[in-house]
Structure formats: C-alpha cells, structure tokens
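Trainee: The structure follows.
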Amino acid sequence: MKKLIVLTILLNIFIVPIFSQINVTGKIVDANDNSPLIGVNVVEDGTQNGTISDYDGNFQLEVTNQNSVLVFSYLGYQTQKITVGDKTNFLVKMQINATELDEVVVIGYGTQKKSVVTGSISKVKSKDLENMPVTRIENSLQGRTSGVSVVSSSGQPGDGATVRIRGTTSINQSDPLYVVDGIPIEGGIDYLNQGDIESIEVLKDAASASIYGARSANGVILVTTKKGENEKMTVNLSTYYGIQNPWKKLALLNAREYATLMNESSVASGGKILFEDPNSYGDGTDWQDAVFHKNAPMMNHDLSISGGNKTSKYFASFAYFDQDGIVSKDKSNYKRFTTRFNSTHKINKFINFGNTFSYTRTKSVGVSTNSEWGSPLSRALNLDPITPLIETDPEVLNSSVFVNFPVVKDENGNPYGISKYVTSEILNPVAALAIQQGYGWSDKIVGNVFAEINLGDFKYKSSFGADLAFWGGEGFSPVYYLNATNRNDITRYNRSQNKGLRWILENTLSYTKSIGLHKINAIGGIVAEKNKGQGIGGSIQDIPVTSIEEASLSFPTTAESQTFYGFEYLNTLLSYLGRINYNYNEKYILSATMRVDGSSRFGTNNKFGYFPSVSIGWVLTEEDFVPKNDYVNFFKLRGSWGVNGSDRIGDFRYVSTVSGGRNYTFGKDETLTNGSSPNAIANPDLRWEQTTQTNFGFDSKLFKNFSLIFDIFEKKTTDMLLDIAVPGYVGNSGPVGNIATLSNKGIELELGYSNTFNNVVFNATGNISYNKNEITDLGPEKEFLTGQRFSPQALEITRTSVGEPIGYFYGYKTDGIFQNQSEIDAYVDSEGNLIQPDAKPGDFKFQDLNNNGIIDPEDRTKIGDPTPDWTYGINVSASWNNFDIVFFGQGVYGNEIFKATRRFDLQMANMTADALTRWTGEGTTNTYPRLVMNDPNKNFSRSSDFYVEDGSFFRIKNAQLGYSLPKVIAKKLGLTKLRAYFSANNLLTFTKYSGYDPEIGGGSYGVDRGIYPQPRFYLVGINAS
C-alpha cells in the first residue's frame, strides 16, 4: 500500500506537468506592413525555454501552462510580452522602436550603434524611399531630415538639385561629398537606382564628417547599397507607370488685352495707335498650351535577386527608368539603365572578401530650363499672342520672308508663325524646338573589391575602388529662319567625348575591445586617390545633311569650317586617418578623430592639411540618480567640435599659368609677333578652405512612443578663395588667395511618434531647421561681389557683401506710386529740390536712401534673400489590415524670389494678366505702375522690390494609398508579398508666389527667368516578392 501511495505521488509530480504543457503556435509580422519577421526571439519568461521565428514568421513553442508569459524580442522593435491564457495560436504584430529605428548607423569607415553616436548624423532608410519616385537620389532627401536643404534645379527629367548641409559653406563650391559604398563620387549620384539603396546617412557636424578631411567642409552624404542576407533566394519586382502634367499655368494677356495695352503704352509715350480694333484679335495663341506636353509618361521597372547562406551572400538588380518632360514632347527626356551586383563571402572565421559593382547608362535630351535668353517657357511668356502658331494668312505666306528664307515648318509642311512685334530671342517657341537636335549620354562603372582579415580584437581591411565614367554628346543645327536676328544659313554639327577615372586604395586596421564596462573601438588607415580625365570635341559647319543622324565630323570641308579642342585634368590625394571611440557602460562616451590630407591642389608651401575633431556624449537616463519613469525613457546629451576642409579649389591655381594670343607689334614695320604671358601672379601659399564647427544637442525617447532630437550649431568658414587686388602698376592680375570668411548658425529639430491603436499602426516624423548665413570678411579692398544679372542691360540683381548672406537680392526700394503731380512736387530733398523731376503720375516713387536728392545707383540696397530661414518636412504613414497610406510634405519659409520672367528690353513683349490692374488714374492702384513705351521713369528697367515676391511654400510631395494581398492568397500564387498602390506626387503647392514654381535651384538660385516647373504626376505601381 505504501508503495502505491509513493508511486501515485511521483506520477503527479512528473507525469501530470508533462501532459499539462501547452503547444503554442503563431506568426510574427511587422505591424507596419504585415511582412513576416524572421529570427524573432520567442522565450517563455523566466526560463531558458525558447525558439525563433522561421522564414515565414511562424513559430512553435511548448510552454508550462496557461499562466506562462511569452516574450518577443527583435532588434529595432519594441519587446512584447503576451500571457498565453486559453489561446494556443497568436498573430503577433511587432512595433518598430521609435528610438531604435536606426539601431546601427553607418559612419565614415565603419558603423556604430545609434545610442552611442556623439555626432550629428541623420539617416534615411530604404523603407522611406520605397515608392517615392525620384529621378535622382539627391531629391529623395528633400524634407526627410533636418539641416539638409534640397532645391531642384528645374522639373526637367534628369536635372540635378542644389543640396546644402547646414547652409552655404563657401562662396565658391558648397556641394556635399558623396560617398557610395566607400567610394567618393564626383559629378553627382544620378547613376544610382533608387531600389538599390539600403540607407543614406548625412554627416552634418564636424566630428562626424572630419574623417573625410579636406573634402568634408560641406558635409558628407554616405550611401550604402543593398547586400544579400542569409536566406533562400528572393526575387523582388517593383514597377510603376504614371502620367505627368503642369500643375500651373500663368495668367497672361490674351490677344485682345495685349492689343489694348500696347495701344495705351504707345499713346502714353506720344506714339500712335498700333492696333485699330483690339477686339478683332480675340484670345489669340496660347503659347503655354503650345509648349507644354500633357500627360507625359514616366515609368520604372526594377528587378532584384538576393539571398545567401552562412558563407556567401549576394544581391543583384536590373532597373530601367524612362521619363518624358512636361515641356515639348520628344525634346525633354531622360532614360537610365542600371545593373548592380554586390556580394560578400566568408572563407573561414578569419578571412572575408566581397565586392560592389554597378553599371549605368543614361541618355538625355533637354531644353533650356531657366533663361531669359530663349528658353521655351520664357518665349511662351513673352511672345505676343497675336502671332499664330502656324501661319495660314495667304498675304503673309506670299511675303518675301516666307518665300525667300528657310522658314521652319511642322511635320506636315506648314510654316510656323513669325512675330511682327517681338524680336530677338523671343520667337515662336514651337518652331525653335522643332529644329533642336541633340542629346547627351553617359556610361558609368563604379565598384570596389575588399578583403578583411579578422585577428581577434584586430581587423585588417584592404579595398580598391574605381569610378570610371565616359560621357559626351552631339548636336546639329540645320539651315533655318526663325526671325531676322535668329537664322542659320549653314548647317552646324558638334560632338564631344570625355572620360574620367578615379581610383582609391584604402588600408585600415581597426581594434575593438571590451574590458568590463569599458569598450574601445579604434581605427587607423592610409588612403591614396588619383583622379584623371580627358576630353576631346569638335564642330564642323556647312555639311550637306539635314539631320543629326546623317551628320559626322568626317565630312570634307575647309579648315576654317572646323574647330577642335581637347582638355585633361589630374589631381591626387594622400591621406592618413585615425579615430578612437570609447564608452563606459554606454553611459559616458568619447570620440576623437584626426585626418591628414596631402593634395596636389594645394600650394607648394601648404601641401598637407590637418583636420581634427572631438565629441562627447552622456546618457543621463543610465545614471542611478535619474529615476526610472514612463516619461523620459532615454536621454543623451552630446557635443562636438572639429575642423573640416574643402579642396574644391581647382587644379594648379597656385601656379601662374600662361596663355597665348598675347601678340605684340614691334619695329618700324609694326610686325605682329606671337606672344604669351602669365594670367595671374602665382601663390605658393594657396591652401584648402577651412570650416570650424561646434555642435551641441540631445537625443531622447519620451512616453515610450515619442522621439525628439535637437541640435544647435555654429560653422565658421575661413580661408575662402578670392582674387587678391593688386595695384595697376603691377601689370598683371592678382593671385588667388585665402582671404574671405563667412558663418552659418542654426538649430535643428526632429520629432517622431509611433504607436498601434487596435489594428491601426501609425507612424509620424517631422523635422524643422533654421539657418542664418552671413559673410564676415571679403578681404582687403573688397566691399562686395556681384552675382547674378538679368536681361541685355545686365542689371545686377544679386550681391554678396559683409554682414549679409551670400547672394541676396539687390536693387531699389519703392514707396508706392505717384498718384498725382502734387505728390511728385512734394517729393523733395532738404533743400527743396525735386528728387524725381521727370516722373509722371503713375510712376514708381523710388526711395532716396542715401539722401543726396537724386535717385542713383547708390540708393540700391538689400531687397530680399533667396535662401529660406526655415526648412521643414512631415511624413505620416498608417496601416490597417492590408491597407496602407502615406502622406509626405515639404516646405520652406522666409525666402524671396526675384521674378525676372519679362523681357522689359523688348517693348512689345507680352505680360502677365496683373498688368490689367496697372495704374490708369488717381487712386486705381499703388502697386503696378502705368504702361508707357521706352519706360522713361525706369519703372520696369530697374532692379527693384517690384520684382521680389514671397517664395515660401509647402508642397504635398507624395500621397499614396496601397493594398497588400493577404498572405494566404499571395502564397497560393507563389508569392510572399504582392502590393499595389496609387500615388499622387507634387499634388498641391501652397504658396503666395505668382510664378510657375517657387522651387528654383541651380545657377539661377532664387531667380525665376521662366523656370521649367516641377510636374504633378499620378502613378500606379506593383511590388511583388
């Protein structure tokens, strides 16, 4: 009996718990897009019992009983705890951790946990770029991160952008350094396929960027492309198709209004009536409709393959992008084909090697995008609406011009109209586009190979990278007649071909060691680079062909009809770098960097530059004296100081180059003798431009779901290059010297919020930045620098001077309009003399700022600033079951635009419809002056605040709705994912600016000369895996 009792007790102890264990199954997905999460740790709380999710996100685990708690943890996601209860199957949606979103960030020559980063680094991940169509990767940064200003040069396909990190750093060159997979890239990164990008890191402060030394003054943008993973092969297909249209037309005078106002202007100047019956002309020609290309197509196809195992991983892609422009069908287009192959391989536990490789082919045709000298839209805005698109009047067709000259005709043989009223470059824009023949092309190969040897705490890495580019173009001008001043009596053909090779050899040794709570990471290395290129080109004229397809430089012709040229460039760089990172328990953090650069661009007395930096961090929430709470979950203070340089000063500017053609006449016979002379005085002390930056900030996570990042900085640039003035008796131009200085001061704020409400996953991020740019010194005897000019009179419209920002608008200030003669007579100086004695009622009243009693050039002053005070962006996404939505907007505030769209030197150029609100009598208006030929008061022919408008705007860049097929259905189709979406881009723009587009970058920054606007486009797309 006793034995039976003991046996019963033992059975209850050992057997019953076995049968009471519960088999729990489930699936783990990303709460944002319901994609399965692989390798999630699933552990029964308080035990060693656990498992991980498989490729499809599924898991299975036996737990003790219904009271067991499952703990789900995954890098970059919020840890979840779920009590088993009476359920045996779970769908677990894991939420991205707001502060761990970028758990690991790429830094120069390595990676680092974000929690211990002490510099100012912003990151854009591949998910942020998905389904946001951009031609160039630079544009994908617009509004995505604080401290980065991206302004598109125009809306033409393939055009670049003006990118500034923490303001304009130099009056010479302020573009950031792009580093793609460790290779510095020249000439922009338009060769990259958007779908190949894994992440983009922006190094903003000196401590982050100084590892790149003499090329880091303008900030550094690190681009990392995708690599393979330890998983079975995955095939991804992304494709979209869309149509584009102009989002805005300007209100111009129609033919009837134009004739009426031209009559008024002529009579006001003492002339005659020019158009007897204005009403007979009706609406006339709408040149904007004639030039714009409606429903211009764009498409992108991207196929990628990735996978791997424990020893080898790979990623390969093929992509094709094609975009037509919204100005002129077939004359504005960009095509790009890209292919990529990246791989990594592990030979054994000591040796790894790998590669990145990409090839890109582009072809583009384009039009002038922002020029008063005859861009299509400038012509459309200024050409009179009376001129017909196609000339059909028999009397005109029988005139000598149409009979005797090669007037341009359309494809049906109909001649284009020629204006009787507007001349010069302002002519029939459709006719001018019809004769345009030409294109540009490029082939680019970028890649590197590397090997790593792991020796315990040490790792040696050697890599060799190359950027090989070929580019060129050709153009052909047939015989044509557009108007009396724009004709071509003989054919002309030109062609160019160039090549460039940049190679870089890097050898680094890194050391990582943890001793208790102390962790040290150090790296040292040596880098050698060489950049060499050359190009040739030529032109030929009077060849017997009619199209570019028939043209060639090999046609026999006279020497006078041929022109050929060539060029080459060469620069080299030898660098030494070192960095040490230390942290104690990830609470106290210290980092120090040094880079030494020797450049062939520097003068003989300054061959090497030294670029140190130091940064510190303190995680307050790790301190014992900071109580744990649900309000402040993480808080890190950080500060940095460092020196960056810019070697973008040109090649061999420190020597005195010599030019020919300086011929001189000698002797009694005045014999002309060939001569050469130096272009300028040499300067062996020439060196890099230097930027010193101080930064303070903090990173924080609040209330578990909020993230907040703040930075305040000051950048001081010294040793900027300018020509040094020398006395005239020297007999030569002065040398280039390091003499100018400027500063940038600003603040940056980034906010994030992430949460799940029932089945709705919500994420929102926003950023805002403020920057003040100021010139502090232009060197001795330099009061100002002249910037942009406008029209044939070459009016100065931008200027740079001490105490002001770079390139501010410069001109006269107005004080309303004289409404009557009494107001003119009352505008006198201190001695009672009339300040504007020749003014008439209806003319502008210009301010006499220097109080000398007359309106003269000394009265000009700052009238605006094209650079915004504030830039900001907002990104909101949400998903519910299989639906997802995205909203992204970007804007600027505090800048002005100089509206230089009208050719005032052409008296009968058309005008915008606001001319209908002109002054016509006392009290009619105080903003738009009277119209009169020859403009005697220079109401329109002076650079004044009349042309300056508020350039602030907010643009909805992307609004998107997507639907993902349920996983069960997708799996039946042999897919892991199938998503379709509809996207509206550049949907709405909120601005007070009256022109086509408030976004004006490039060489005419902030000056609208008839800008090619950003298109509004709608597209549909599919993502499948």
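Under the numbering used here, the residues of the sequence shown are numbered 668 to 1692, in order. From the three backbone atoms N, C-alpha and C, an ideal C-beta is built for every residue, glycine too. Every value quoted in this text rests on a predicted model; they were computed, and no experiment measured them.
(1) Please determine if the segment 899 to 914 and the segment 1679 to 1691 are in contact, where contact requires at least 3 C-beta pairs separated by less than 8 Å.
(2) If the criterion is Cβ atoms closer than 9 Å, does the pair residue 1202 and residue 1150 meet it?
(3) Return the Cβ separation of residue 1093 and residue 1169 in integer angstroms, given the expectation that the two are a contact with Cβ distance under 8 Å.
(4) Determine the extent of the alpha helix (DSSP H) in which residue 795 is found, giving its start and end residues.
(5) Does the segment 1083 to 1093 come close enough to the segment 995 to 1006 that 3 or more CB-CB pairs lie under 8 Å?
(6) Pick out whichever of 1445, 741, 1692 has its Cα sitting closest to the Cα of residue 1643.
(7) In angstroms, rounded to a whole number, what distance separates the CA positions of residue 964 and residue 989?
(8) Between the Cα of residue 1187 and the Cα atoms of 1070, 838, 1249, 1615, which residue gives the shortest distance?
(9) Going by DSSP, what residues sit across from residue 1689 in a beta bridge?
(10) Taking the C-alpha atoms as reference points, what is the distance between residue 1153 and residue 955?
(11) Using the Cα positions of residue 882 and residue 851, report the straight-line distance between them to the nearest angstrom.
(12) What does DSSP give as the partner residue(s) for residue 870 in the beta ladder?
(13) With distances taken Cα to Cα, identify the nearest neighbour of residue 901 among 973, 862, 855.
(14) Comparing C-alpha positions only, which one of 863, 854, 713 sits nearest to residue 1109?
(15) Nearest to residue 1675 by CA position, among 1526, 1349, 1037, 1424, is which residue?
(16) Between the segment 1218 to 1229 and the segment 1180 to 1195, are three or more C-beta pairs nearer than 8 Å?
(17) Of all the alpha helix (DSSP H) runs that stay within the bounds of the segment 1356 to 1384, which reach a length of 4 or more residues?
(18) In angstroms, rounded to a whole number, what distance separates the CA positions of residue 1693 and residue 788?
(19) Can you list, in chain order, the stretches of the beta strand (DSSP E) that have 3 or more residues and sit fully within the segment 829 to 876?
(20) Pick out the complete beta strand (DSSP E) segments inside the segment 1144 to 1184, 3 residues or longer, and give them in chain order.
(21) If you reduce the DSSP assignment to three classes, tell me which class residue 1300 lands in.
(22) Quick test of the definition: if touching needs 3 or more C-beta pairs under 8 Å, does the segment 857 to 865 touch the segment 885 to 904?
(23) Just how far apart, CA to CA, sit residue 1181 and residue 1283?
(24) When we look at the beta-carbon of residue 1332 and count the other beta-carbons within 10 Å, is it buried (16 or more) or exposed?
(25) Rounding to the nearest angstrom, what Cα-Cα distance links residue 1387 and residue 1444 in this structure?
(26) What is the DSSP secondary structure of residue 769, reduced to helix, strand or coil?
(27) Identify every run of the beta strand (DSSP E) within the segment 1428 to 1498, keeping only runs that are complete inside it and at least 3 residues long; order them along the chain.
(28) Counting only the same chain and skipping the five closest in sequence on each side, list residues whose C-beta sits under 7 Å from that of residue 1039.
(29) Distance check for residue 1582 and residue 950, CA to CA, integer angstroms please.
(30) Can you tell me the Cα-Cα spacing of residue 1239 and residue 1199, whole angstroms?
(31) Jot down the residue ranges of each uninterrupted alpha helix (DSSP H) in the segment 1024 to 1094, minimum 4 residues, whole runs only, in chain order.
(32) What's the C-alpha gap between residue 1491 and residue 1139?
(33) So residue 1510 packs on residue 1606, CB below 8 Å; how close in whole Å?
(34) Using the C-alpha atoms, what's the distance from residue 1022 back to residue 1262?
(35) With a Cβ-Cβ cutoff of 9 Å, do residue 791 and residue 807 count as a contact?
(36) Check for me: the beta strand (DSSP E) holding residue 1264 runs from which residue to which?
Mentor: Considering the structure as presented:
(1) yes
(2) Indexing the sequence shown from 1 puts residue 1202 at position 535. Indexing the sequence shown from 1 puts residue 1150 at position 483. No. Outside cutoff.
(3) Position 426 of the sequence shown, counting from 1, holds the residue named residue 1093. Position 502 of the sequence shown, counting from 1, holds the residue named residue 1169. Not quite, the Cβ-Cβ distance comes to about 43 Å (not below 8 Å), so this is no contact.
(4) Here residue 795 refers to the residue found at position 128 when the sequence shown is read from its first residue. Looking at the DSSP string, the run of the alpha helix (DSSP H) that includes residue 795 is 793 to 796.
(5) no
(6) Sequence index remark: in the sequence shown, residue 1643 carries index 976 (1-based). Comparing Cα positions, the closest option is 1692.
(7) Counting from one through the sequence shown, the residue named residue 964 turns up at place 297. Counting from one through the sequence shown, the residue named residue 989 turns up at place 322. One C-alpha to the other measures close to 8 Å.
(8) For the purposes of this step, residue 1187 is identified with residue 520 of the sequence shown, where counting begins at 1. Closest option to residue 1187, Cα to Cα, is 1249.
(9) Within the sequence shown, residue 1689 is the residue found at index 1022, counting from 1. Answer is 906, 1647.
(10) Translated into the one-based positions of the sequence shown, residue 1153 becomes position 486. Translated into the one-based positions of the sequence shown, residue 955 becomes position 288. Rounded to whole angstroms, residue 1153 to residue 955 spans 21 Å at the Cα level.
(11) What you label residue 882 is simply residue 215 of the sequence shown in a count that begins at 1. What you label residue 851 is simply residue 184 of the sequence shown in a count that begins at 1. Whole-angstrom Cα-Cα distance: 10 Å.
(12) In the sequence shown, the residue the question calls residue 870 occupies position 203. Residue 870 pairs with 788, 887.
(13) Reading the sequence shown from its first residue, position 234 is the one you call residue 901. Per the Cα distances, 973.
(14) Your numbering for residue 1109 matches position 442 in the sequence shown. Here the closest residue by C-alpha is 854.
(15) Mapped onto the sequence shown, residue 1675 falls at position 1008. Looking at the Cα atoms, 1037 is the closest of the given residues.
(16) no
(17) none
(18) Any answer about residue 1693 is impossible in this case: the structure gives the chain only from 668 up to 1692.
(19) 844 to 847, 850 to 852, 864 to 870
(20) 1147 to 1150, 1153 to 1155, 1159 to 1182
(21) For the purposes of this step, residue 1300 is identified with residue 633 of the sequence shown, where counting begins at 1. Looking at residue 1300 - three-state DSSP - the assignment turns out to be strand.
(22) yes
(23) Working through the sequence shown from its first residue, we reach residue 1181 at position 514. Working through the sequence shown from its first residue, we reach residue 1283 at position 616. Going by the C-alpha atoms only, they are around 19 Å apart.
(24) Taking the first residue of the sequence shown as position 1, residue 1332 is located at position 665. Answer is exposed; the Cβ neighbour count stays below 16.
(25) In the sequence shown, residue 1387 corresponds to position 720, counting from 1. In the sequence shown, residue 1444 corresponds to position 777, counting from 1. Approximately 10 Å, taken between the alpha carbons.
(26) Here residue 769 refers to the residue found at position 102 of the sequence shown. At residue 769, the pLDDT of 48 sits below 50, so the modelled position is not reliable and the matter cannot be decided from this model.
(27) 1451 to 1453, 1465 to 1468, 1475 to 1478, 1481 to 1484
(28) Taking the first residue of the sequence shown as 1, we reach residue 1039 at position 372. 1045, 1457, 1458, 1567, 1570, 1676, 1677, listed in sequence order.
(29) To locate residue 950, count along the sequence shown from 1; it is residue 283. To locate residue 1582, count along the sequence shown from 1; it is residue 915. The straight-line gap from Cα to Cα measures roughly 16 Å.
(30) Locating residue 1239 in the sequence shown gives position 572, where the first residue counts as 1. Locating residue 1199 in the sequence shown gives position 532, where the first residue counts as 1. Using only the alpha carbons, I get a separation of about 9 Å.
(31) 1043 to 1049, 1061 to 1064, 1067 to 1071
(32) Here residue 1491 is taken as the residue at index 824 of the sequence shown, counted from 1. Here residue 1139 is taken as the residue at index 472 of the sequence shown, counted from 1. Rounded to the nearest angstrom, the two C-alpha atoms are 59 Å apart.
(33) In the sequence shown, residue 1510 corresponds to position 843, counting from 1. In the sequence shown, residue 1606 corresponds to position 939, counting from 1. The pair is a contact, with the Cβ atoms about 6 Å apart (cut-off 8 Å).
(34) Looking up residue 1262 in the sequence shown gives position 595. Looking up residue 1022 in the sequence shown gives position 355. Going by the C-alpha atoms only, they are around 26 Å apart.
(35) What you label residue 791 is simply residue 124 of the sequence shown in a count that begins at 1. What you label residue 807 is simply residue 140 of the sequence shown in a count that begins at 1. Yes.
(36) As a working mapping, residue 1264 is identified with position 597 in the sequence shown. Counting along the chain, the beta strand (DSSP E) containing residue 1264 begins and ends at 1255 to 1266.
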